[in-house]
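Counting from 665, one number per residue, gives the positions in the sequence shown under the numbering used here. Every residue, glycine too, gets a C-beta built ideally from N, C-alpha and C. Note that the coordinates shown come from a computational prediction; the quantities given were computed from them, not determined experimentally. Notes follow the structure.
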Amino acid sequence: MRLRTPLALSGAALLVLVAPPLLTTGSGADTGTQIPGLRFMVPNTPGGGYDITARTAAKNAEDAGLTHNIEVFNLPGAGGTVGLTRLVGEHGNGKLAMSMGLGVVGAARSNDSPKTLADTTPIARLTEEQDVVVVAKNSPYKTIGQLVDAWKENPGKVPVGGGSSPGGPDHLAPMLMARAAGIDPKKVNYVPFDGGGELLASILGNKVAFGVSGVGEYLDQIRSGELRLLAVTGPERVKGLDGPTLKESGYDVDFTNWRGIVAPPGLSDAERKKLIGLVRKLHASEEWRESLKKNGWDDAFLTGEKFGDFLDAQDRRVVSVLKELGL
Numbered sequence: 665m666r667l668r669t670p671l672a673l674s675g676a677a678l679l680v681l682v683a684p685p686l687l688t689t690g691s692g693a694d695t696g697t698q699i700p701g702l703r704f705m706v707p708n709t710p711g712g713g714y715d716i717t718a719r720t721a722a723k724n725a726e727d728a729g730l731t732h733n734i735e736v737f738n739l740p741g742a743g744g745t746v747g748l749t750r751l752v753g754e755h756g757n758g759k760l761a762m763s764m765g766l767g768v769v770g771a772a773r774s775n776d777s778p779k780t781l782a783d784t785t786p787i788a789r790l791t792e793e794q795d796v797v798v799v800a801k802n803s804p805y806k807t808i809g810q811l812v813d814a815w816k817e818n819p820g821k822v823p824v825g826g827g828s829s830p831g832g833p834d835h836l837a838p839m840l841m842a843r844a845a846g847i848d849p850k851k852v853n854y855v856p857f858d859g860g861g862e863l864l865a866s867i868l869g870n871k872v873a874f875g876v877s878g879v880g881e882y883l884d885q886i887r888s889g890e891l892r893l894l895a896v897t898g899p900e901r902v903k904g905l906d907g908p909t910l911k912e913s914g915y916d917v918d919f920t921n922w923r924g925i926v927a928p929p930g931l932s933d934a935e936r937k938k939l940i941g942l943v944r945k946l947h948a949s950e951e952w953r954e955s956l957k958k959n960g961w962d963d964a965f966l967t968g969e970k971f972g973d974f975l976d977a978q979d980r981r982v983v984s985v986l987k988e989l990g991l
C-alpha cells in the first residue's frame, strides 16, 4: 500500500524564551506580524519533532524580526491530546498556537479524545518529512534485510518503538512496513513513546530492537554514529544520509509525515488572519529556508481553510488505513 501525504518534531528545556533582536525597518512592527505575548505549545516531550519544529519556528520568527518574546512550552500526554484539550479550552485566545502533525490526528482517534482537530482553528501546514528506521550503534542488525528477517521469524520478540500513539506516523510506518514484509500487523510488538526524545533513550538502551521516527529528530545521532540508519520510508533517499529507501530494499512502502500549527477555536477574523500572516512571513524568510535544509524537512506550506480541508482528509485516511491493517 502507498500511504503518503500528497504535499509531506531541540532544545531539551521545558520552557524557552527567545531573546528579542533589535527592531529594524524589516521588523514585525512594519509588517503587522507583531503578536505581543504569543505562546507556542508543544503537546509532547522535549526533543521530539513537534518540539524541534516549534522552537525552530519561534527562533526564526525572532531572528527575522517578525515578532518578539515568543514563549515555547511543553504540555505532553496521551500522544498530544492533553495539549489538544488545553488548546480547545482556550477559546478565543489569539495569542496561543500549538505545534502538531499526523501524530495528533492518530492520537485523537486511538485515544477516543473528546476534542479533535475539527475543534481548532487551522493556521498552517509547514513541513513534510520522511521517517527513518534506526537501531543503536551496537545493534546486531547491520541492514534492513537482517532486521526484517529477524522480525519475520518472531514479530513479538522484535519490539519496535515509535514517538507517537497508535494511528500516528511512527506507528503507521512500521505497520505498513510489516505488511509489506509479509508480517501480520496484529502481531507487531509496537511500543509507543510520547515523542522522539523519549524514544531515543530506549533505542540507545536497547529496550526496543529498532525505532521509527522523523528524520529531523535523529539527524545528529545518525551523523555522530550513535544511531545506525537502516532505511528511510519515503520515495527517495535523504540527501546527506547513507540509507536506502524501503522501496529499493524490496518493501513496497512510501510514507511521509507532516507538521503544522493550529490555534484555539473562537478567534476573531482579525486574530486568525494575523496568525496566518505571521506564519506566511516566516515561511518566506531566509531563516526558515535555512532551517528546512538543516533539518531535512520538505516545504509543504498550506494555510487556513485549505489546511482545514487537509486535516479532515487526514483524519479519514488514518481511520481507513487502520481498518485496512486490521488494527
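In the structure shown, the three-state DSSP call for Gly696 is coil.
For the options Gly758, Pro710 and Pro740, the alpha carbon positioned closest to that of Ala934 is the one of Gly758.
Contact between Pro707 and Gly756 does not hold, since their C-beta atoms are separated by about 20 Å, which reaches or exceeds 8 Å. DSSP, reduced to helix, strand and coil, places Ala845 outside both helices and strands of the structure shown, so it counts as coil. Three or more beta-carbon pairs separated by less than 8 Å are not found between the stretch 845 to 865 and the stretch 902 to 909, which leaves the two stretches without contact. Counting along the chain, the unbroken alpha helix (DSSP H) around Ile940 starts and ends at Asp933 to Ala948. DSSP places Ala771 inside the alpha helix (DSSP H), whose first and last residues are Leu766 to Ser774. Using a 10 angstroms sphere on the CB of Ala865, the tally of other CB atoms stays under 16, which defines it as exposed. Leu840 and Leu989 have their C-alpha atoms roughly 8 Å apart. Assigned with DSSP and collapsed to three states, Ala718 falls in helix.
Nearest to Ser774 by C-alpha distance, out of Met764, Glu881, His835 and Gly820, is His835. In the structure shown, the three-state DSSP call for Trp961 is coil. In terms of Cα proximity to Lys871, the closest of Gly898, Val824 and Thr897 is Val824. A direct Cα-to-Cα measurement between Thr784 and Leu939 gives close to 13 Å. Ranking Gly968, Gly914, Thr749 and Pro710 by CA distance to the CA of Ala771 puts Thr749 first. Under the three-state reduction of DSSP output, Glu969 falls in the helix class. Membership of Ala800 in the beta strand (DSSP E) is indicated by the continuous run Thr785 to Ala800. Annotated three-state conformation of Ala865 is helix, per DSSP.
The Cβ atoms of Phe965 and Leu790 lie closer than 8 Å to each other. Beyond the five residues adjoining it in sequence on each side, Ile734 comes within less than 7 Å, by CB distance, of Val682, Leu702, Phe704, Ala722, Ala725 and Glu726 in the same chain, given in chain order. For Val746, there is no enclosing beta strand (DSSP E); the enclosing alpha helix (DSSP H) covers residues Thr745 to Gly753. In this structure, the alpha-carbon of Pro700 lies about 7 Å from that of Thr731.
Close CB contacts of Gly941 within its chain, under the 7 Å cut and outside five residues either way in sequence, are with Gly696 and Thr697 (chain order). Excluding its 5 nearest sequence neighbours in each direction, Ser803 has C-beta neighbours in its own chain below 8 Å: Asn870, Ala873, Phe874 and Arg892, listed in chain order. The Cβ atoms of Val798 and Tyr854 do not sit closer than 8 Å to each other. Judged by DSSP secondary structure, Gly809 falls within the alpha helix (DSSP H) whose first and last residues are Ile808 to Glu817. Here the stretch 815 to 823 makes no contact with the stretch 973 to 983; the two share fewer than three CB pairs at distances below 8 Å. Secondary structure of Leu781 (DSSP, three-state): helix. Rounded to the nearest whole angstrom, the CA to CA distance from Pro899 to Lys958 is 20 Å.
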